[in-house]
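Below is one structure, written out as structure tokens, with a few remarks after it.
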Amino acid sequence: MNPKRSPKAKPASSKSSTPVQCSTSQPPNPPSELFPIVGIGASAGGLEAFTQLLSHLPIDTGMAFVLVQHLDPNQKSLLTEILSRTTQMPVCEVQEGMTVAPNHVYVIPPNTTMTIDQGVLHLRPREKTRKVSMSIDTFFCSLANDRGAKAIGVILSGGDADGSRGLEAIKAAGGITFAQSEDSAQVSSMPNTAIATGHVDFILPPIEIAQKLAHISRHPYVTSPIPTGPTAELDGKDALSAIFSLLRAATRVDFTHYKHTTIKRRIFRRMALYRLEQFNDYVCYLQENPAEVQALYQEILINVTSFFRDAEAFAALTEKVFPALLHDRSPDLPIRVWVAGCSTGEEAYSIAICLLEFLANQPRKPPIQIFATDVSELAIDKARLGFYQHNQVTDISPDRLQRFFTRSEEGYQINKSVRELCIFARQNLISDPPFSRLDLISCRNVFIYFGTSLQKKVLSMFHYGLMPTGFLFLGTSETIGESPDLFTLIDRKYKIYAKRPAPLRLNLDLIASGYPVEMNLPSPIVAEASRNELELSQAADQIVLQQYAPVGVVINAQLEILQFRGQTGAYLEPSPGRASLNLLTMVKEGLRLELRTAIHQAKQDRHTVRKEGITLRETVHTQTDWSVRTRQIRIDVIPFQPNPASEDCFLILFEDLPALPASEITLPMTQRSQSKGQQPSSEQQEIQRLQQELSTTKAYLQSIIEEQQSTNQDLRAANEEILSSNEELQSTNEELQTAKEEIQATNEELSTINDELYRRNAETTQVSNDLQNLLGSINIPLLMLESDLRIRRFTATAASLFNLIPTDIGRPLSDIKHNLSIVNLEQQILDVINTLNLHSQEVQDLTGHWYDLRIRPYRTLDNRIDGAVVVLVDIDTLKQSTEQLREARDYAEAIVQTVREALLVLNTDLQVITANQTFYETFEVTPSETEQCFIFDLGNGQWNIPQLRSLLGDVLHQNSQIQNFAVEHYFEHIGHKIMLLNARKMPQLAGSQLILLAIEDISDRPSLKPN
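Residues in the sequence shown are numbered from 5 upward in steps of one, following my numbering.
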């Protein structure tokens, strides 16, 4: 740890608010020592996040910080001045050509697009377009290209999808990525979109992001280059093997033959995330955390792709390859394309779109079959869905977007007609068998991760899978390497190759299978002294073999030479005509007969056969003359088997015998000792030579006769077998004829079934279209869930209520933060699935809007429960109306209760609905004695007044009113009363009519008494 670095920046209260002027000169670091650059992107709510992040950053991290904020293009930015108050690091607004220096903060100016190249910031005016300006993506992508593993990307609060594509580029380059957590962001759309891509390493609040950046700034991954010397190799060799074993056991993919530099870069990046500096520590971490094994697996298989990447390459494909594919092609023969390493599908869909555009102008339109494969299941799932964010289709022309895509609020989806052309499947390119009868194979930017052995194997697979007129399409930085005999270069710039006719045996066993195996600990490293001793011994053995061992060849049972050992030019020479490695064709004439006989004997006896004293005459040419030279040769034929499962092989050794006097040259070895002291005549020498040749010829003829006899016996046995087989074949032919008729009948049945399946598929498509249109047209939030609460389908209105996007299909509901004020929604849904009881509840969203939440089981056609359906009915207007009615009722009751006159509310049957407190006090009755009683039965019939009956009847039947009608009556409990009555009909309420009767006691007012 650097002792000069402080854990936290000092307060900046005394710092001037004037921004520091940053120099545009070269920084003090040499250009070769790259320091980390942190790109920070934000939009709405970004100022608060910037302030929190910078205020908690140490001022000596050795990093540079470049802030890219969405600013108003027509207003001057005060961001530089504001941020300069939060940190002691110099803060400056970027100018064209400014060089980035460590421990500085740089702020993008308004109405510009910024990039970085070799540490220098470049500005250009923002393009005027209706699309959202992706200024963060632009800078992050250039930062990834410029800094590679020393690029760090941070996405803070914002309201669009800018930055997610740039984070993907940074992670692909080996950099580290951050996103602000949802609960700490004022606007969470931008960080949430970045998180959904799966390319974010840390999801933290701004304060914790600052702390994590401070920790990372001290890790060797960003402070120094990745070690590549012998020390690093020896330290990480066994650990790397252990990591490969863990990956192979967990994922069935063997990375042993991938390029180790790339793998190490990915591993070092993961180690930096957990502040680990030793390979062995990371191996222990992998063993203790199985989830990290999967994370490392996805890290190695990081998907970096885009639509029409290298657009000129696709134009070359359309101009040079597609016309050749249509040449002399039958209209019914489909164009078959294999996109190997398709990632999330952009490459496959781009080829499909180019093919459709090309065939649109052709008179013949053959069918299209595109097979797209990748080893990552997650990438294949995204490719099948065919849904992409707005920033992922920025490179596609508006015409193509309109023709081949369907737009939604969250992004674009490939049209179904294009998706049906592409078949996506998981495939391990290393161990799984290839497709066949292909017209085009596209394998772009995959070989850059493969070692040489893997590249050779995959290229041989591609050669096997292509038609004779097929093409291979590679990435611009890839070649066919050591396989020029398999493919011919068509376009050097865009790496388009044509298949060459070449005999090739497909070998799928070059690399070990990727299926799970038990991990064995790597063997200990050989000590340096032992290694040197072994190399010394091997070098000495090689000298002995070269100088003292006889030369020879290794042949198979067909006499084909498999290996040359030593300099065999004294015994073998190529013969004129067609090139051949047959031993008898290449051996010199004088050795051919003896060698054939020796090989035949070795085959028969399976023992070593030695022939010596073989005379080899050679013509020696000089500048002025020529002469004949004679040599004595010994031949050893040694049969052996390299392994029990292989065929027989023979080691043929040639050796010159010591030179003999001329008198002994022609004598057999057994007669040389006897001939000493005796000088034979020339006739005797010739006779002896002829006798030796005759003896050799006899032995050879005898071997031929034996071989012929054995062959005749074999032929007779084979003839009998053929006769027997002929009878069997005739019987089999009859059976096949019968089977053919059965197959024809079965074929008719299959054809019928196929028609039925086609019809049902059409019906299913129609039902799916109807369901899609139904869900799209209803304005009711509706959410369909599987039994494990994974999202199955939802309507557009449910998307905003539950914060859903199309890629959320298949995710657990618990991963989604919805906008409903209910804490146990998942448990209520599970209760409905388990008990099959419908559930209804009134709930509010975070804005106070009311919904009627209804949860019911999801039933399949075979009456099986397979999830739940959540429906939210908007009852906000009804709740508001009910609240208004309740308030109006309370208001009216308050008025009635405060009126000093006695009031009665009667229905059309003259029953008392309610009365006010004045009535109860005046006439000394209780509510239970009054409400729901006939008015004329109240008390002891004291209200059975004939005048009152007549008046109320007029009110009911004639819609008349009673105004100030005086009534005098004696009541049993309260005595004589004089009352002034007023009555009228009330407006209809819920379909019923009511009468309001007001009774004023005027007994104490003699002037108003009735006459």
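Just so you know, even glycine gets a beta-carbon here, dropped at the ideal spot from N, CA and C.
If you compare the alpha carbons of 643, 640, 621 and 641 with that of residue 633, the shortest gap goes to 621. In this structure, the beta-carbon distance from residue 341 to residue 478 does not fall below 8 Å.
Residue 351 holds the alpha-carbon nearest to the alpha-carbon of residue 312 among 351, 130 and 448.
Distances from the alpha-carbon of residue 785 to those of 904, 792, 803 and 773 put 803 closest. Residue 547 counts as exposed, since fewer than 16 other C-beta atoms from the protein chains shown sit within 10 angstroms of its C-beta. In this structure, the CA atom of residue 189 is about 24 Å from the CA atom of residue 801.
The Cβ neighbour count for residue 799, taken over all protein chains shown within 10 Å, is at least 16; the residue is labelled buried.
With distances taken between CA atoms, residue 824 lies nearest to 878 out of 872, 878 and 777. No residue range can be given for residue 336, since it is assigned to no alpha helix (DSSP H) and is classified by DSSP as neither H nor E. Ranked by how close their Cα comes to the Cα of residue 906, the residues 936, 62, 662 and 1001 have 1001 in first place. Taking 8 Å as the cut-off, the Cβ atoms of residue 46 and residue 54 count as close. A Cβ-Cβ contact shorter than 8 Å links residue 657 with residue 554. Within the same chain, Cβ atoms closer than 7 Å to the Cβ of residue 392 are found at 415 and 416, the five residues on either side in sequence being excluded. Using a Cβ distance threshold of 8 Å, residue 143 and residue 181 do not count as a contacting pair. Nearest Cα to residue 958 within the set 968, 988 and 463: 988.
Listed in chain order, the non-local C-beta contacts of residue 56 below 7 Å within the same chain comprise 210 and 211, local neighbours out to five positions each way being set aside. The closest CA to that of residue 874, considering only 303, 385, 201 and 856, is found on 856. Minimum Cα-Cα distance from residue 611 among the listed residues 641, 635, 596 and 585 corresponds to 641. Sequence-distant partners of residue 109 (beyond 5 residues in either direction) whose C-beta falls short of 6 Å from its own C-beta, in its chain, are 69, 93 and 95.
In the structure shown, residue 715 falls within a helical segment according to DSSP collapsed to helix, strand and coil. C-alpha of residue 439 to C-alpha of residue 469: approximately 6 Å in a straight line.
Looking from the CA of residue 489, the closest CA among 503, 480, 499 and 659 belongs to 503. The Cβ neighbour count for residue 581, taken over all protein chains shown within 10 Å, is under 16; the residue is labelled exposed.
Here residue 622 is bridged, per DSSP, to 633. The beta carbons of residue 41 and residue 111 sit no closer together than 8 Å.
The Cβ-Cβ distance between residue 370 and residue 321 does not fall below 8 Å. Secondary structure of residue 769 (DSSP, three-state): helix. In the same chain as residue 254, and ignoring 5 residues on each side of it, the C-beta atoms closer than 6 Å to its own belong to 297, in chain order.
By the Cβ criterion, the region 459-474 is not in contact with the region 268-287, since fewer than three pairs of Cβ atoms, one from each stretch, lie closer than 8 Å. Under DSSP, residue 500 shares a beta bridge with 477 and 495. In the displayed model, residue 368 falls within coil according to three-state DSSP, outside both helix and strand.
Under the three-state reduction of DSSP, residue 145 is assigned to helix. One Cα belongs to residue 81, the other to residue 128, and the distance between them is close to 17 Å.
For residue 194, the uninterrupted alpha helix (DSSP H) segment begins and ends at 193-200. Listed as beta-bridge partners of residue 556 by DSSP are 569 and 657.
About 33 Å separates the CB atoms of residue 334 and residue 309; that is not less than 8 Å, and the two are not in contact.
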